[in-house]
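Input: a single structure, listed below in structure tokens.
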Amino acid sequence: MRLKILKNGHTFLQKLQFRVIKKMMGEVPGPIAVMSYRRQFFGKHFAPWLNQAMRKMKHWTIGEVELMAAFVSKNNECQYCYGDHVAVAKNVYEEKLVIAIMEDIDTAPIEAKLKVTLQFLQKLTVNPSALTKNDIAPLREVGLSNDAIQEAVQVCGAFSVVNRLADAFDFELSSQPAKVGRFLFKNGYGLASVKG
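Going by the working numbering, the first residue of the sequence shown is number 1479, and it counts up by one from there.
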């Protein structure tokens, strides 16, 4: 359900900042509108987690975490997040490779570390109650540490929340995904919740 309050329920200062965001991105993305509305209730607390998961990682590149975000969004059937994060990943990888990864992870021509991580995230996203300690074994076999696995799980957790927000609030698909993708690639998620 698209709520009108997410279009006009922000403070004057937030609306001014939204004008700047709109100039840079071509639009104000739905997650920013949600995380900025009544910011003390949700956005103030969630946005730092999102930024930490997506830009403060030590074991993954920006391209890899954006692929994880897109892949989790695909498995959650969230078209909004899938489109935006595929667009971000295309700033790092060739479009042909990004599409191959999203269409069939098992045959995609990527290194083993990323492949087994995406396979693990797929199960974590689609059927988490079926996970066992045996699902960690392939991650260990390619040399992933506890910290690297935890970082990947953080991306999955953050995007499972954003995917549900996008679907619950019926975010409009981006009219300029390449522009949004370039902005997020360059600037990250520090503006995910705008102070008012």
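Using N, Cα and C, we set each Cβ at its ideal position, and we do this for glycine too.
Kindly indicate which three-state DSSP category Lys1593 falls into: helix, strand or coil?
helix
Count the other C-beta atoms from every protein chain shown that fall within 10 angstroms of the C-beta of Ala1608, then say buried if there are 16 or more, exposed otherwise.
exposed
Just reading off the alpha helix (DSSP H) that Ile1627 is part of, what are its end residues?
Asn1624 to Ala1646
Taking 8 Å as the threshold, find out whether the stretch 1643-1656 comes into contact with the stretch 1535-1546 through three or more Cβ pairs.
Three or more Cβ pairs closer than 8 Å define a contact, and the stretch 1643-1656 falls short of that threshold against the stretch 1535-1546.
Nearest-angstrom Cβ-Cβ length linking Arg1459 and Ser1671, presumed shorter than 8 Å:
Coverage of the chain is limited to positions 1479 through 1674, which leaves residue 1459 absent and any answer about it impossible.
Could you give the DSSP three-state label for Glu1459: helix, strand or coil?
Since the first residue of the chain shown is 1479 and the last is 1674, residue 1459 is not available in this structure.
Residue-chain proximity (Pro1587, chain C), Cβ-Cβ < 8 Å
This model lacks chain C altogether, as it is built from one protein chain only.
Proximal residues to Lys1568 (C-beta, below 7 Å), its chain only, five neighbours per side dropped:
So the qualifying residues of the chain are Val1576 and Gly1659.
Got a sec, what are the start and stop residues for the alpha helix (DSSP H) Ser1607 sits in?
That residue, Ser1607, is in no alpha helix (DSSP H); it is neither H nor E in DSSP.
Nearest CA to the CA of Phe1524: which residue from Asn1665, Ala1644, Thr1585 and Val1640?
That would be Val1640, whose Cα lies nearest to the Cα of Phe1524.
Kindly indicate which residue of Asn1554, Gly1674, Ala1656 and Lys1574 has the alpha-carbon position closest to the one of Ala1636.
Nearest C-alpha to Ala1636 among Asn1554, Gly1674, Ala1656 and Lys1574: Asn1554.
Starting from Ala1654, trace the alpha helix (DSSP H) both ways and give me its first and last residue.
Sequence inspection shows Gln at residue 1654; the Ala mentioned does not correspond to that position. Element bounds for Gln1654: n/a, residue is neither H nor E.
8 Å contact criterion, which Ala1586 and Ala1578 should meet: CB distance rounded:
5 Å
Roughly how many whole angstroms lie between the Cα atoms of Ile1510 and Met1535?
22 Å
Please report how far the alpha carbon of Asn1486 lies from the alpha carbon of Asp1562, in whole angstroms.
23 Å
As a quick exercise: from Lys1501, Leu1662, Gly1668 and Tyr1667, pick the residue whose alpha carbon is nearest that of Val1570.
Leu1662
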